[in-house]
Every structure is written in structure tokens, then in C-alpha cells.
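For what it's worth, the numbering used here labels the leading residue of the sequence shown as 23, then goes sequentially.
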Amino acid sequence: MAKGPVVPEHVLKKRKTLEAIQAERTKKLAEERAKNKVQRGVIFKKAAAYAKEYKQKEADLVRFRREAKKHNNFFMEPETKVVFVIRIRGINAVDPKTRKILQLMRLRQINNGVFLKINSASINMLRLVAPYVTYGAPNLKTVRELIYKRGFGNVSRQRMPLTDNKVIEESLGKHGIVCVEDLIHEVFTVGPAFREANKFLWPFKLSAPKGGLPVKRKSFVQGGQFGDREKYINNLVRRMN
23 MAKGPVVPEH VLKKRKTLEA IQAERTKKLA EERAKNKVQR GVIFKKAAAY AKEYKQKEAD
83 LVRFRREAKK HNNFFMEPET KVVFVIRIRG INAVDPKTRK ILQLMRLRQI NNGVFLKINS
143 ASINMLRLVA PYVTYGAPNL KTVRELIYKR GFGNVSRQRM PLTDNKVIEE SLGKHGIVCV
203 EDLIHEVFTV GPAFREANKF LWPFKLSAPK GGLPVKRKSF VQGGQFGDRE KYINNLVRRM
263 N
């Protein structure tokens, strides 16, 4: 009886190694899919809880305003915790101190935007760079649209798009932030890990606003553009996003 061709030993070893690698890869893929399925359920529940929290806060504000009006009292609106700052002027004739503050705020280019936590230090910084920026309190819709549409993460000093929750989890997982909704909630509510979350977000590169920005050398209250525009920052972001 004729014998078949003999397979060399090194070929058998290589085949066995490849089969082991393939089996390990298949096992890891199955584990990853199972983990992702569980993670999606957790993220969905978090998103529902956040939506309920936002809705409850809005309802409470409406109730407090109505009660104040009913009893002929004044209602003190909640203090702003975070502002969105946009640079609207370039580098011409910028003194060194102002340039340094703009660098600290990460506003190195025109039409760049960042979130900033309100405290005494940030208020003084905004006052010094007011002619070069405009800012105001963003609402939930603005925060969500900015992060979903223009959001990039700072991963090892590389600008990475937020197309996968893994990018967020690897950088901010130790702070309990594992998805985009966690990131939005942390920024909007100024949570305990706001500093880390804001540092993770790359400065937003916005488009030139539709219709332009006339009279940049006057403040917003004088009919110009720079300075505090409170809730009207949301209208400007819509034009630039």
C-alpha cells in the first residue's frame, strides 16, 4: 500500500500554533461580545436615569418659580456652575499676560471653545481676557450637541474622535465615566470628576458663525460680541456647530 506524502514536522508545529492562536482569538471575541452586551444594558439604564434626573430638575425649577410668583416673592435662579467659552478674536496686539491666560484656558485659535468651571479664579481670568472671548451658561442640549458632534478626546496627547465608548472608558473609567452620556452628565452637572472629564475633552473646533460676528470691539451688553452673554451663548453655538 502506497504511503501518502509526509508532512514536515515544522509545518505541523506551525499549523498547531496557528490553530491555538485562532482558538484564543475566537474565545476573546466571544468574551468581548458578552461583555459589550452587558455594558450596553448598563449604559442604557444610566441614560434613562440621567434623563429622569434632568426632567425632575426642570420640573422643580418650574414649581419653585410658580410658588414664588403665587406668594409675590422673587425666585433666585440657581447659580451658574459651568460656562462655555469661545475665542472670537485673533492674536493681533495681544499682550503677553492675556496670551498666557488664553493658553491656560486652551483657547489657542479663533473659534475654539472650552467648558470652564465657575469659581473666583476663573471669573478673574474671564474678566482679563473678556475682549477676546464670549461666554455664557450652556443648556443640556448645547452640551450634548457639542460632545456628540464636535467631541474629541485627548488620548496620550492625540486627538481621538469619540466614536467608541472604549476611548472614554480607557481614559476615565477609574472615575466612573464609561460612556458619552456619563461624560455629558459630568460636564453639565459639574460632578466630582469635572476636571478630569474637561481635561480629557479636546478644545472644540467650531465653524465660523452663520451671518458673521459684527462689532467685535464692543461688549455684548453694548450691542457687540465679547463678554458674558448668559443664556444667549446657546444661540451662538447653534450658529457655529
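Ideal Cβ placement from N, Cα and C applies to all residues, glycine included.
Just so you know, the alpha carbons of Phe86 and Leu162 end up roughly 20 Å apart. Nearest to Gly233 by alpha-carbon distance, out of Val107, Asn257, Tyr72 and Thr39, is Asn257.
Ser241 and Gly173 have their alpha carbons spaced roughly 28 Å apart. Looking at the backbone, the Cα of Ile123 and that of Met147 are separated by about 7 Å. The count of Cβ pairs closer than 8 Å, one atom from the segment 68-79 and one from the segment 111-120, stays below three, leaving the stretches out of contact. Nearest in C-alpha terms to Ile110, of all of Arg88, Phe97, Val60 and Ala152, is Ala152. Counting every other CB atom within 10 Å of its CB across the protein chains shown gives Thr156 a total of 16 or more, marking it as buried. Closest in alpha carbon position to Val200, among Ala219, Asp82, Lys92 and Leu168, is Ala219. Closest in C-alpha terms to Lys227, from the list Arg128, Val33 and Lys67, comes Arg128. Met182 is bridged by DSSP to Gly175.
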